[in-house]
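Have a look at the structure below before the remarks.
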Amino acid sequence: MQQFHYRTCNLCEAMCGLKITHENQEIIKIEGDKEDTFSRGHICPKAYGLKEIYQDPDRLKTPIKKVNGAWQPISWELAYKEIAAKIIELNIKHGPDSIAVYQGNPSIHNLGTTLTGPRFFKALKTKNIYSASSSDQVPHHFASWQMFGHPMLVPITDIDNTELFIIAGGNPLVSNGSMMTVPDIGNRLKSISKRGGKVIVIDPRYTETAAKADQHIFIKPGTDAWLFTAMLKYIFDENLVNMEHLEDFTDGLSELKTAISDFDIATASQKTGIDQNVIKTLAAEIAKTKKAALYGRMGISTQAFGGLNNWLINAINIVSGNLDIEGGLLFTKPLIDFIGKAKPKNRYNRWQSRVRKFPEFLGELPVACLSEEIETEGKGQIKMLMTSCGNPVLSITNGNRLDKALEKLDYMVSFDIYLNETTKHADIILPPATGIETSHYDLSFNALAVRNTAKYSPALFPKQDDAKYDWEIFQELGHTLAKAAGMEPPNNGKVYTPEEMLTISLKQNDYDLSFKDLEQQNHGIDLGPLKPQLPERLGNEDKRIKICPELLVNDLKRLIQSSEKEGYLLIGKRHLRDNNSWMHNSELLQKGKNRCLLLINPADAKKEGIKTGDKVAVKSRVGEVSIEVKVTTDIMPGVLVIPHGYGHGKGNIKLSVAEKNPGVSANDLTDDMLIDELTGNAAFSNVRVQISALA
Ligand SMILES: Nc1nc2c(c(=O)[nH]1)N[C@H]1C(S)=C(S)[C@@H](COP(=O)(O)OP(=O)(O)OC[C@H]3O[C@@H](n4cnc5c(=O)[nH]c(N)nc54)[C@H](O)[C@@H]3O)O[C@H]1N2
Ligand SMILES: Nc1nc2c(c(=O)[nH]1)N[C@H]1C(S)=C(S)[C@@H](COP(=O)(O)OP(=O)(O)OC[C@H]3O[C@@H](n4cnc5c(=O)[nH]c(N)nc54)[C@H](O)[C@@H]3O)O[C@H]1N2
Ligand code: SF4
Ligand SMILES: [Mo]
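This is the structure:
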């Protein structure tokens, strides 16, 4: 008999509701859940990947251990014991910092991992904690923490009410939104234009989102901070500041005016390649449109001035009067609200990385430092690495360097569902149950969503008998470790389920909902639109916005002193059927033409004497790849595009589908020396490269 199961897709940030038709343990159909209170029936092709991951014969389900270079099964208990013994041994020999942790992107998409992984890693008391966040969104958190008092107080575009939506460095039509949980983005964008509003995209590529927008503006990669400072300057100069509702609790407005007084439109135009009149119009439009939002994402975050960009974007939204108004940008109020309860504290520069002395932020060091911290001998050198839900050999800048550095480790453990380019270096891999075998609640993305909603999804299918959930693995390993160290196991040795943890989190909340209420609503519960909440919602003690934080203002010097070098600027690109590096083992998502191509503008192609289908060598300071070319007017002259997440099949791994079309890794070209020195974020969005035609 066919049955229906409703759940939230956990593959990206959009939180789409799925309706899964199944007969016993066979999936018949996956479609959008039209009754989902938030996503209204939208899904993307990746949702079908849930079925493929479930059925993938290459997916690991029980632990494996490398013995003399060959993989062998090992029991959970023996694996825990070996890992615990190694942690204790290295701790005694070299101290807690000799054990490093890398947490990848799916950590935050899995309820069990989110609830138990970070807690386990924190208990190791190592300063060497790294994550995909510093290849991604750390600058957003930095600006939010500095300006609004909490790293997760990220202003969210009120997309369903705005009249002007400016997108810089984001391609939500493909990514389905990021740092802005927004299912059904296509229709939501269309509605803006339909109600007489306007969508503008600022991007070095004429993207899928740009194609649906009212205006697209090419920008030279890495120069956005020049554009934003010039826009701010213009708003001040033309007396367009209009923020009465925020003035009573905003500090530093006149300091901001002074700080940007030396910037001008002419310089910005020369740096960005954007016409002066276009810059003026952009600034005037955002200041004069009643409900407007300037939104920036990956492209403005993963560059040398990611922190500055996010600060300047927030400042533009504030002075133009668009923060904390309907149709502008608002803060969320999730059901499980870890922001509201948090106490302000220092989160920056409490320690530094050992080799390059980069400051810690939110308890983490920049992942661009990981390889050198493994390679460089001396006190505090990393001897052991634990990766969870991450594939840094393909995802971090200068991935090849890490690939080699991992060989030097004394020991490595990976919590991962695949034997891949990173986990092949591990001594033990512990694979959790995943996707439709697990229950789900979005703890993080509800804090970034364009509407307040809540939804709990139970597991669809039971995990294989001898498999384990991520929350079991982290808690049981924690207990084994405590016992081996002669300590009391945490929680008296009890293993809490996510459901028990959610029940505890929901004991008190502003919506008066219990876990039972969530369980009863399989299409989710709508908690209403985002609403103005300032100043109460601010995270700092004085409840005041800091529009001109010292750390950020001082960083303007670095922008002014920056200089240009020769060569093409390499940027990235996402495809609707890719998900970073890890869903290439799905036949369904992989079929079709090769997507791992180098995109180049016709004028540049002509100059280089290359055409579509040719192979070229692309070379950067750190490496070289050879890749097929596609010539397209979508790319700005001087800019090259290579998607990330490819480069499969390096070594003894098991990805039967992915290896058929391995592609090359863009991160064999990106440079670990390029970093936003303020926030520690990797700057891979504009790496200098040269190309040469191959015979
Ligand atoms: N050049 C370039 N580099 C980039 C980017 C870019 O745009 N360009 N994007 C950056 C961004 S935004 C990000 S977020 C990072 C991502 O970087 P990472 O998080 O390091 O890489 P992913 O490709 O997401 O790899 C996810 C890993 O998690 C495993 N996995 C999947 N599901 C589960 C699960 O349920 N449990 C466990 N334990 N493991 C699981 C997969 O097998 C895979 O090994 O890459 C960054 N790197
Ligand atoms: N299909 C699919 N969806 C995904 C993912 C995926 O891999 N595939 N990954 C998920 C993850 S982990 C994340 S973080 C999000 C990312 O979500 P987005 O940020 O929306 O995704 P990107 O496609 O990386 O968009 C970055 C854009 O910035 C542009 N850009 C590059 N350099 C610059 C610059 O200097 N200035 C400006 N203005 N623009 C620039 C690029 O051309 C690109 O269009 O997507 C998520 N969703
Ligand atoms: S957009 Fe994201 S959440 Fe929605 S179906 Fe696709 S992968 Fe899943
Ligand atoms: Mo990401």
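Using my numbering, the letters of the sequence shown map in sequence onto residues 1 to 695.
For every residue, glycine included, the Cβ atom is placed at its ideal position computed from N, Cα and C.
| Asked | Found |
| --- | --- |
| Under 8 Å between C-beta atoms of A100 and N128 | yes |
| Through-space distance from N310 to I274, alpha-carbon basis | 20 Å |
| Segment contact, 8 Å Cβ cut-off, at least three pairs: the region 430-441 with the region 109-121 | yes |
| Opening and closing residue of the alpha helix (DSSP H) in which I316 lies | G306 to V319 |
| Distance cut-off 7 Å: D465 Cβ against heavy atoms of ligand 4 | no |
| Proximity of T302 and A683 at Cβ, strictly below 8 Å | yes |
| Bridge-paired residues (DSSP) for K615 | E628 |
| For G17, the first and last residue of its enclosing beta strand (DSSP E) | G17 to E23 |
| Alpha-carbon to alpha-carbon, F38 and E550 | 39 Å |
| Cα-Cα separation, I185 to K194 | 14 Å |
| Element boundaries [beta strand (DSSP E), containing Q3] | Q2 to T8 |
| Chain-order list of residues whose beta-carbon lies under 7 Å from that of V138 (same chain, five-residue window excluded) | F361, T679, G680 and N681 |
| Beta-carbon proximity list for D264, same chain, < 7 Å, skipping 5 on both sides | A230 and K233 |
| Those residues, in chain order, that have a beta-carbon closer than 5 Å to some heavy atom of ligand 3 | C9, L11, C12, A14, C16, I43, C44, K46, A47 and N176 |
| Cβ-heavy atom distance, N105 to ligand 4, below 7 Å | yes |
| Through-space distance from D672 to P359, alpha-carbon basis | 16 Å |
| Closest by C-alpha distance to Y568, when choosing among W351, Y496, L598 and P662 | L598 |
| Stretch-stretch touch, CB-based, cutoff 8 Å, three pairs: the region 26-34 with the region 43-58 | yes |
| Cβ pair count under 8 Å reaching 3, the region 446-465 against the region 518-529 | yes |
| Any non-hydrogen atom of ligand 4 closer than 7 Å to D136 Cβ | yes |
| Short Cβ contact (8 Å threshold) for R188 with D158 | no |
| Selected residue, minimal CA-CA separation from K424, among T434, S444, G435 and L402 | L402 |
| Whole-number beta carbon distance between M384 and V319, since they are thought to touch under 8 Å | With a Cβ gap of about 49 Å, V319 and M384 do not count as contacting. |
| Inter-residue spacing [alpha-carbon to alpha-carbon] between I653 and I382 | 24 Å |
| Burial state of I167 (16 or more Cβ within 10 Å) | buried |
| Residues near N314 by beta carbon distance below 7 Å, same chain, minus five either side | A143, M147 and P155 |
| Heavy atom of ligand 2 within 7 Å of S620 beta-carbon | no |
| Check: A132 C-beta below 7 Å from any heavy atom of ligand 4 | yes |
| Ligand 1 heavy atom lying under 7 Å from the CB of I697 | An answer regarding residue 697 cannot be provided, because it is not within the stretch 1 to 695 covered by the chain. |
| Straight-line gap, K593 to I571 (C-alpha atoms, nearest Å) | 21 Å |
| H42 to V174 span [Cα, whole Å] | 13 Å |
| Proximity to G390 [Cα-Cα], best of M15, W76, C12 and Y130 | Y130 |
| Residue environment, V67, which counts as buried when at least 16 other CB atoms sit within 10 Å | exposed |
| Own chain residues within Cβ distance below 6 Å of C12, not counting five before or after | N176 |
| Residues of its chain near A368, where Cβ-Cβ distance is below 6 Å and the 5 sequence neighbours each way are ignored | T397, D672, I675 and A682 |
| Three-state secondary structure assigned by DSSP to V201 | strand |
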